[in-house]
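To keep things clear, I will list the structure first and then write my remarks on it.
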Amino acid sequence: GIDVSHYQSQINWVKVAQQDVQFAFIKATEGETYADSIFCRNWSELNRVNIQRGAYHFFRPSLDAEQQARIFAEWVELGFGDLPPVLDVEVMDGMTNIELINGMRTWLYMTEIKYGIKPIIYTNLKFYYKYLAAHFDDYPIWIARYSPFDPKLPAGKEWLFWQYVNKGKLPGI
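With my numbering, the residue at position 34 of the sequence shown is 453, and numbering never jumps.
Listed below in structure tokens is the structure:
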């Protein structure tokens, strides 16, 4: 699978669908007010070309977590077969670890209530160990670790997705 945002510009999803791409995550929102400029196009195109789709929210710990959950819910309508929502957590924005964890819990709770499924937490391995380990053991984890060696999480926790490169190239993107 792949993950994309407006940084990839206009994507030719028909070409991507010919590449054995089974799923794609798309940036939907960030913070309290930002919606990715081509989310709607990507979201509908994935459905059209029959690639399983998922949406993610880039979390800003210094902003209101309830409002962040609300904007995601305004933009993302999940359908049958769509992947669970994703909370992308990569920055502290000057907040304490307790503030980060509390904000995340708020977003995750509200989003789980809205969609009826546990969201996935996306982060990199270093951030996970430093700030998140042991706080979200009941949530699926998507780990970014750009290495040929799969990530090892503490206490035998398993990751659901492993993002092992950040510079992939595919025809159509």
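All C-beta atoms, glycine included, are put in the ideal place defined by N, C-alpha and C.
query, result
"Which full runs of the beta strand (DSSP E) of 3+ residues lie inside the segment 489-570, going along the chain?", "505-507, 539-543, 560-563"
"Who does GLN429 pair with in a DSSP beta bridge?", "Note: GLN429 sits in no beta bridge, so no partner."
"Rounded C-beta distance between GLN427 and GLN471? I'm assuming under 8 Å.", "Contact doesn't hold; Cβ gap of about 18 Å is too wide."
"According to DSSP, what are the bridge partners of LYS446?", "TYR475"
"Can you give me the Cβ contacts of ILE593 inside the same chain, cut-off strictly under 6 Å, excluding the 5 residues immediately before and after it?", "A question about residue 593 goes unanswered here, because the residues of the chain that appear run from 420 up to 592."
"Can you tell which of ALA492, GLY500, TYR548 has the C-alpha that lies nearest to the C-alpha of VAL508?", "TYR548"
"Does ALA492 get closer than 8 Å to chain B when you measure Cβ to Cβ?", "Chain labels in this structure do not include chain B; a single protein chain is all it has."
"Spell out the partners DSSP gives ASP439 in its beta bridges.", "According to DSSP, which records beta bridges pairwise, ASP439 is partnered with nothing at all."
"Give me, in chain order, the residues of the same chain whose beta-carbon lies closer than 6 Å to that of PRO590; leave out the 5 immediate sequence neighbours on both sides.", "LYS434"
"Report yes or no: do three or more beta-carbon pairs, one from the segment 527-537 and one from the segment 561-575, lie closer than 8 Å?", "no"
"How would you write the range of the alpha helix (DSSP H) that TRP581 sits in, first residue to last?", "From DSSP, TRP581 is part of no alpha helix (DSSP H) but of the beta strand (DSSP E) over 580-582."
"Enumerate in chain order the residues of its own chain whose CB-to-CB distance from GLN582 is below 6 Å, with the five nearest sequence positions on each side excluded.", "ALA563"
"Taking the alpha carbon of CYS459 as the reference point, which residue from GLY473, GLY450, ILE560 has its own alpha carbon closest?", "GLY473"
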